[in-house]
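Numbering (the working numbering), first residue to last: 15 to 546.
A short worksheet on the structure shown next.
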Amino acid sequence: MSIALDIEPRQPRHAIHPAFEDTLDQRAARAAHAVEGLARYEDYGIRRTFHGFYYISHYYPLRAMRDVDLKTIETRLRDLEEQTFETYIHFPYCEYLCTFCHFYKKPSGSVTTLLDKEDVALNRVEREMRMYRDLFGGPIQAHSLQLGGGTPSMISNKRLVALLETVRECMVLDDDAEIKIEIYPQDYEEGDLREKLQILKDFGFTDLVVDLESGNKETLDYINRPRSSLETYLRVLDVAVSAGHTSFITALMAGLPRETFESLDRTIQTLKSIEEVKVVNVFPVIMRETDPITTQLRRNPADFHDAATRDQMWIFARNELRDSGWTEGPISYLHRSDVRPEQQSDKFECVNLLGFGTSGFGYLNGNGWASQYFNFCNDVDYAKRVDAGEPPIWRMGIYDQAERARRKVIFGLANVKSAENLVAIEQCFGVDVDEIYGRTFNALLMLGLIEVVPIEHGIRFTEDGLARLEEICYLLQSDYAKDACDTQPDADDPRSKELINQHYAVTMPSEDRAAFEALVADQPREFMHRIR
């Protein structure tokens, strides 16, 4: 069982690097200057709200999807035979529930109770995988696999082996598949950890996702990660490297309570010094009304940074990595120049994705249609469907061609490529970009939030645009999707918490939306002549 034990921790071989104090103030001031410059967009409704900071990772967002019947689900799935998928397995249990986390998760309880719980949860995931295999008429053709959560490193080694045997039974993974698992950075019983790492190595895992969130111990304690620290993170990496694992992905959440620029910089310098750390995902702190961190905010507001400081820390961290030669793409995913986070980048290109487990979500692209879906986000409904031998999909958004084009633009711009080719989008979906986006693009161009790249027949975000990507992506949605985002769930709805926590999208104040739409209405319709 991979849980923390009371052992005498040894010192990690990797060192904690000091912050670069001589230039820290200058670099923080540079980020502050960037944030100050963004204030000029507020008159047009593009502002960072305290509860903002979530870039669009779904189109449609959950609240714009609709409940879907089983006949429609099975018809759509059978249309996907012989296609290839990114795949994700969700394990919901955690020893400690981080207060900032809004993903579906549950407390693990004792070692004995977790053994029973993991068996129940993973038995259902395995049934779900077999269900898809049968609907497709053969093994799932998989281009990637990720085990996430929750805390999948808590899965017992014996049960992990059984799960991976089921994966082999239900999937055919590409020879170059990216295969990842999330490992919580804490002190483990070393023999158990080494056995787990060998299981992963033997299966062919290419990356270990060890999310640090912060290297500041005071911050980690505040957000209920008491067994985690920068030191324990480094010890996990040391053991993993000695076991033959050479590629690590980690995440930082910029702007958490009690984080300072000095502690953030010290963490970044440490991560940069570890050659096996290939990707650092730098996310700004995200708030949801149903997250425990919001309760902490209400009780102790002085512990929290304001929106501008959180924004500054996010830009500071991204700048520090990019200035050191790291490449950004998708937004907030910083990677070494010789590495591409393939699964994440491909997801932003709207490829097929199957998500297994409670709250799993995916993208589907069939013959002349496309959709995004969410599994049930509670155990009761998920279990009822799976136990009945039925796909546990709760909601689905099915697009017409114009909405497919919108999704491609929204995701493509967020992928931080050299440009998103609008001519190719017109040809692919048979749409008129001027009709869908002409006035909107002219407004964004006038504000300096996008720029034209004629040689690639497309557009990309400017630096200011990237810094306000979340809000711009909201504004690029259809009116239908924006209205759904802005409509809060009825408090009496038994799924209202799920419709808030799993709704990964910005909700914009009505006056801000109206201000931007007034600007758009004054723009010319014709935009595509700029890039043809």
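Glycine included, each C-beta is placed from N, C-alpha and C at the ideal position.
Since this is a predicted model, take the numbers as computed values, not measurements.
Here P166 is buried, its C-beta having at least 16 other C-beta atoms within 10 Å. A Cβ-Cβ distance of about 4 Å is found for the pair Q155 and T98, placing them in contact under the 8 Å criterion. A316 is classed as exposed because its beta carbon has fewer than 16 other beta carbons within 10 Å across all chains shown. With a minimum length of 4 residues, the unbroken runs of alpha helix (DSSP H) contained wholly in the segment 234 to 279 fall at 244 to 256.
Under the 10 Å beta carbon count, N314 is surrounded by fewer than 16 other beta carbons and is classified as exposed. In the three-state reduction of the DSSP assignment, W408 falls in the strand class.
Per DSSP, the beta bridge partners of A384 are N379. DSSP places P153 outside both helix and strand once states are collapsed to three, so it counts as coil. Taking L378 as the centre and dropping the five residues before and after it, the same chain places the C-beta of R90, L94, N366, A384, S385 and Y387 closer than 7 Å to its C-beta, in chain order. Around the beta-carbon of S351, fewer than 16 other beta-carbon atoms lie within 10 Å, marking it exposed. Here the alpha carbons of A457 and R182 stand approximately 50 Å from one another.
The beta carbon of N515 sits closer than 6 Å to the beta carbons of H116, R302 and T304 from its chain, once the five residues preceding and following it are set aside; these are given in chain order. Cα atoms of P153 and D448: separation of roughly 42 Å, rounded to the nearest angstrom. Residue environment for C442: exposed (fewer than 16 other C-beta atoms within 10 angstroms of its C-beta). Residue burial is scored here from C-beta neighbours: M460 has fewer than 16 other C-beta atoms within 10 angstroms and is therefore classed as exposed. Judged by DSSP in its simplified three-state form, L483 adopts helix. Closest in C-alpha terms to D36, from the list D133, N171, A135 and R280, comes R280. By the criterion of a C-beta distance shorter than 8 Å, I30 is surrounded in its chain by G229, L244, E245, L248, R280 and T284, once the five residues flanking it on both sides are discounted. The Cβ-Cβ distance between C499 and A519 falls below 8 Å. In the three-state reduction of the DSSP assignment, P523 falls in the coil class.
Selection M145, Y107 and E334 evaluated against T127 yields Y107 as nearest (Cα-Cα). Minimum Cα-Cα distance from N392 among the listed residues W408, E404 and R62 corresponds to W408.
At a Cβ-Cβ threshold of 8 Å, L368 and Y146 count as neighbours.
Per DSSP, I307 lies in no beta strand (DSSP E) segment; the continuous alpha helix (DSSP H) that holds it begins and ends at P306 to R313. When only Cα atoms are considered, V534 and Y451 end up about 10 Å apart.
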